Every structure is written in structure tokens, then in C-alpha cells.
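K.L.:
So the sequence shown is numbered by full-length UniProt numbering: it starts at 1 and just counts up by one.
Once you've had a glance at the structure underneath, I'll fire off some questions.
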Amino acid sequence: MSETELVGFSLFLATIVGLMAWGMVKHAKKDKERNRFLTSVGFIACKEEKESLKEKISLLENNSEYTYSVRLPMKLRQDNVDVYFYTKDRRRHGDLYVSYEFLFTANRKNNIPFQIYLKPGSIKTGVATKLISSSITINWDSQADDLVKIKLPSELSESNVLGLMAQKGCSLYDLFDSSALSLLGLAGDNGIFTIRCRGNLCSIEEPRSTDGWDYKKVWFVVLTLIRQGL
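What follows is the structure, encoded as C-alpha cells:
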């Protein structure tokens with residue numbers, strides 16, 4: 001290797017190391033900010049509930065292809081409801097998908113399981129949102145075993161709803177009335193992308209790879225869903 005090639009290779013390695021270090025610093029900063037907020041509203045560690053949380057997640061997601069585990073679980077008793085926050089590891093054939101998640105119970109007008117994808121109302125419907133909508137509701141192996149894509153009503157084409165998975169034969173209006181749709185709009189406008197419910201058990205998930213949540217806003221949505229139901 002010539003001296004010029006050696007210098008170039010060294011610069012390349014330095015760039016890679018620098019990017020890795022920057023990513024680690026960024027994640028560490030986000031972790032500190034997140035933990036500071038959760039502690040400030042009253043969350044405390046509950047590592048003894050890891051196994052029961054794993055069971056609840058498996059029940060909620062109902063996916064025979066994946067196994068689940070949780071890390072750093074925290075708990076808060078809010079309005080007579082146990083609210084959890086944790087890092088969720090989802091595994092399949094050695095692949096690992098990591099996300100952050102709130103888990104709680106909320107009163108619902110029905111028990112139909114669903115998974116809904118949302119966007120901020122400020123993002124207008126176009127080619128990009130249609131592509132995203134199509135891709136997230138394909139029958140991936142990451143979807144629940146018993147849920148299928150539900151066609152959205154044309155009058156909601158400009159709404160916060162990007163996509164919906166539910167049981168075959170359901171319509172969006174079987175699941176949500178106008179007040180529930182307003183709450184979903186609130187969730188989308190506050191940066192929430194995915195909400196799951198099965199019975200009264202619900203979760204709000206954020207991929208670790210993005211981690212763009214404003215936790216103060218997301219917590220406001222969680223409180224609203226607990227207090228008003230869905």
C-alpha cells in the first residue's frame with residue numbers, strides 16, 4: 001500500500017470511527033433526556049415485571065414468528081392504571097428489532113384488535129405518503145397473525161391515518177367513532193406513528209432507530225387516551 005493509499009485508508013477509518021462515536025453520543029444524550037423526563041413524572045424501575053411484560057407484549061402483538069423481551073422497564077400508577085415504559089427487543093431468526101414503548105390499558109368502545117399507523121396532519125397526502133401507506137400494511141411477517149389490511153374510507157384520505165390493520169371484515173368505523181378519530185389525530189400531530197390495541201391493552205411504539213419523540217407530547221397523548229378512552 002502506497003503512502004497516499006495509507007493516508008486515504010486512515011482518513012476513511014477515522015471517519016467511520018467518528019460517525020460511530022457521534023451516534024453513541026447522540027443515543028446517550030437521548031437516553032439521558034428520556035430517563036430524566038420519565039423520572040420527573042413519577043416512573044420508577046420495575047425489573048421484577050419483565051416476564052409479565054413479555055407475556056403482555058406477546059398477547060398484544062399475537063405474532064407467532066417473533067419472540068420478545070424487555071429491558072429497563074419502568075412503571076407508573078396513573079389514574080388507577082398501570083403505565084409501563086421499556087425498551088422492547090423483537091427477534092426472529094437472529095434478526096433484532098429494537099423500539100421504545102408505552103404499554104397501558106384504556107377503555108374502548110369495542111374489543112376488536114387493531115394496529116394503526118399515523119402521521120402529522122401537517123404532512124399532506126401525496127405520492128410519498130401513499131407509498132408508505134402501502135408498504136406498512138403489506139402482510140409482512142412482522143404483522144399480527146390475525147390482522148389484515150383494512151381499506152380506509154375515501155373521506156379520510158386527508159386525515160392523520162396512514163394505514164390500518166384489523167380483523168378481516170372490519171371497517172374503520174367499526175373500530176372508531178368521531179371522538180376516537182379526533183384522539184388519533186391528536187396522536188399523529190404529536191409524533192406518534194404506531195398504536196396497537198387488543199381488548200383494553202394498548203401500546204404506543206417508537207423505533208429506536210428514529211427515536212424522534214418529544215416525550216412530553218407523547219405522555220400527554222398517553223394520559224388523554226387513558227382518561228378519555230378510545
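Beta carbons are placed, not taken as given, at the ideal position from N, Cα and C, and that holds for glycine.
Please read these numbers as outputs of a predicted model, since none were measured by experiment.
Please determine, among E61, D145, R77, the residue with the shortest C-alpha to C-alpha distance to C46.
P.N.:
Ranking the options by Cα distance to C46, first place goes to R77.
K.L.:
By alpha-carbon positions, which one of Y84, K149, S99, D95 ends up nearest to A106?
P.N.:
Checked all of Y84, K149, S99, D95; the closest Cα to A106 is Y84.
K.L.:
Terminal residues of the continuous beta strand (DSSP E) containing Q115?
P.N.:
Per DSSP, Q115 belongs to the beta strand (DSSP E) from 114–118.
K.L.:
Is the Cβ-Cβ distance between L230 and L183 less than 8 Å?
P.N.:
Yes, these two residues count as a Cβ contact at 8 Å.
K.L.:
Return the CA-CA distance between K168 and L162, expressed in angstroms with no decimal places.
P.N.:
Answer to the nearest angstrom: the Cα atoms are 18 Å apart.
K.L.:
Are R208 and S99 closer than 8 Å when you measure CB to CB?
P.N.:
Yes, the pair counts as a contact, with Cβ atoms nearer than the cut-off.
K.L.:
Taking a contact to mean a Cβ-Cβ separation below 8 Å, would you say Q115 touches T194 in this structure?
P.N.:
Yes.
K.L.:
Could you give the distance in angstroms between the alpha-carbon of Y173 and the alpha-carbon of E155?
P.N.:
Cα-Cα distance, rounded: 12 Å.
K.L.:
Between the alpha carbons of L72 and R90, how many angstroms are there, rounded?
P.N.:
The straight-line gap from Cα to Cα measures roughly 15 Å.
K.L.:
Keeping to the same chain, check which residues put their C-beta closer than 7 Å to that of T129; ignore five residues upstream and five downstream.
P.N.:
The residues are K119, I123, L162.
K.L.:
Less than 8 Å separating the beta-carbons of N200 and R108?
P.N.:
Result yes, Cβ atoms of N200 and R108 sit closer than 8 Å.
K.L.:
What does the alpha-carbon distance come out to for the pair E206 and K56?
P.N.:
Roughly 18 Å separates the two Cα atoms.
K.L.:
Helix, strand or coil: how does DSSP classify Y66 here?
P.N.:
DSSP places Y66 in coil when its eight states are reduced to three.
K.L.:
In whole angstroms, give me the CA-to-CA distance for K88 and T125.
P.N.:
Roughly 31 Å between the two C-alpha positions.
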